[in-house]
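So for the sequence shown, my numbering puts the first residue at 381; every next one is plus one.
Every residue gets a Cβ at the ideal spot worked out from N, C-alpha and C, and that includes glycine.
Source: prediction; values computed, not measured.
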Amino acid sequence: MAYEPTLDRTTLIEAPAHIIIDKTGATYDLWKYLWCDGAVNVQLAQDKKVIKVAGFGEIDQVLSDERVECDFSPAGNMNADVLAWIYRGLLSQRIGSYLFGATDTAAYIHSLDDKLLKLTCAAPIQFPTLLMGVENQRFEGSVKMVGVIGKGLARTAANALFTPFSALTFERQPVPTEWKHLPVKAVWTGLQSAGTDIEIFTENGWKVNVGVALVPRKVSNLGTINYKITGIVMTASCKPLNLSEVQLWSSKVIGASRGLGTSVTGSALTLTEDLGGVTAVLNGAKMTANPLVFDESNPRAGECVWTAYRDFSTGALGVPGSIAMTPAP
């Protein structure tokens, strides 16, 4: 008998989704959304141990760890809640502390075909590039979010890792005013003219990255329950338009002695958008890339990079920098 396939076309399921970072409140207008651009990819990430027997090969596998992993590209809406959710105060954390604290931080994936997935305890472990300047759309790259079992819960307990999909009508809409396109003022105290800090003008604004090294903390019988912070570095980059070769290769930038094994003293790099935007500060920033370009159609400076590490200049443990909403003057 010939195979004659049929399909109910209403069973084809396609719909985008967005992230609810705070679902406090009884109605959708109180919930805080992080809007996404493109696909939201979600999977149960499972580590498995394969059982092998001589003469028989692989005969089975057993589960040794399970997490929820989600990656998405933020669409660019910005406010204090979004900023706090993405970076979670990590720049001020000490090395050896943990990503998840005493309270579970739930996150929700809400699709436009009215499906809701709750992750019991979730947070970003990979961060997008923060874009600053009028011409930029706030973020570049993707966020990788991980979900682990809730605090004090048995792995087999109901909803320990996630709450299964439920129906929830999607009623919220993005508001254009959530997107900010603001000028950014950039000043690095490492460069001065007649005792005055030089403002740096750029071709396409600034890119700011927070690099956090995280190591999963696994416990026998429970799997991954947290992530340990093992390193924090902050960088900013741009293509300056008004810096000369003399300034880029000055003794302040490359070190007066040129002796191998010496360190260059850093200075604060402050990037400030107008009210409603973001202010990023790199403490003790050092210029770690300062290429020169000699070309008739390009500025003298190539893509320059500033890097900020932990600062001990005050005798106490400092932080590489900060990212916050620009305060009112």
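If I'm right that residue i touches residue j with Cβ under 8 Å, what's the distance once you round it to whole angstroms?
| i | j | result |
| --- | --- | --- |
| Asp654 | Leu562 | 5 Å |
| Leu414 | Ser702 | Their Cβ separation, rounded to whole angstroms, is 21 Å, which puts Leu414 and Ser702 out of contact at 8 Å. |
| Val528 | Thr610 | At roughly 18 Å, the Cβ-Cβ gap does not stay under 8 Å, so Val528 and Thr610 are not in contact. |
| Cys450 | Ile489 | 7 Å |
| Leu621 | Phe581 | 5 Å |
| Gly513 | Trp568 | Their Cβ separation, rounded to whole angstroms, is 16 Å, which puts Gly513 and Trp568 out of contact at 8 Å. |
State the Cα-Cα distance for the pair residue i and residue j, rounded to the nearest angstrom.
| i | j | result |
| --- | --- | --- |
| Thr536 | Val433 | 29 Å |
| Phe545 | Leu497 | 5 Å |
| Lys666 | Ile612 | 15 Å |
| Ala538 | Thr500 | 11 Å |
| Leu640 | Gly698 | 26 Å |
| Thr485 | Ile400 | 11 Å |
| Phe550 | Gly656 | 28 Å |
| Asp493 | Pro396 | 8 Å |
| Glu676 | Lys619 | 16 Å |
| Pro508 | Val592 | 12 Å |
| Glu446 | Lys598 | 11 Å |
| Arg680 | Ser617 | 15 Å |
| Gly456 | Asp388 | 37 Å |
| Thr543 | Lys531 | 15 Å |
| Lys428 | Leu541 | 17 Å |
| Cys684 | Asp461 | 30 Å |
| Ala406 | Thr652 | 36 Å |
| Ala566 | Leu649 | 7 Å |
| Leu594 | Ile578 | 36 Å |
| Lys412 | Leu463 | 12 Å |
Select from the options the residue whose C-alpha is nearest the C-alpha of residue i.
| i | options | result |
| --- | --- | --- |
| Thr557 | Asn459, Thr668 and Pro454 | Asn459 |
| Glu438 | Asp445, Ser444 and Val430 | Val430 |
| Ala503 | Thr668, Leu479, Thr645 and Leu548 | Leu479 |
| Ala547 | Ser491, Leu662, Lys608 and Ser600 | Ser491 |
| Ser647 | Asn584, Thr659, Leu672 and Ala688 | Ala688 |
| Thr668 | Val661, Arg638, Leu594 and Ile634 | Ile634 |
| Asn589 | Trp568, Leu571, Ser522 and Phe436 | Ser522 |
| Ser444 | Pro700, Leu602 and Ala660 | Leu602 |
| Ala534 | Ser600, Ala660, Lys632 and Gly469 | Ser600 |
| Trp629 | Pro671, Tyr607 and Gly435 | Pro671 |
| Asn678 | Glu583, Pro454, Ser477 and Trp465 | Glu583 |
Beta carbon of residue i: closer than 6 Å to some heavy atom of the ligand PLP?
| i | result |
| --- | --- |
| Leu471 | As far as ligands go, the structure on display features none, and thus does not contain the ligand PLP. |
Item to complete: Output the residue ranges of the beta strand (DSSP E) runs that lie fully inside the stretch 515-587 and measure 3 residues or longer, sorted by chain position.
Response: 523-528, 542-547, 564-573 and 576-579
Fill in: Ordered list of beta strand (DSSP E) runs contained in the stretch 401-485, each at least 3 residues
Listed in chain order, they are 412-414, 421-433 and 437-452.
Discussion item. When you compare the stretch 423-439 with the stretch 505-525, are there three or more beta-carbon pairs, one atom per stretch, that lie closer than 8 Å?
Written reply: The stretch 423-439 vs the stretch 505-525: no contact.
Fill in: beta strand (DSSP E) segments (min. 3 residues) lying fully within the stretch 614-669
647-653 and 658-669
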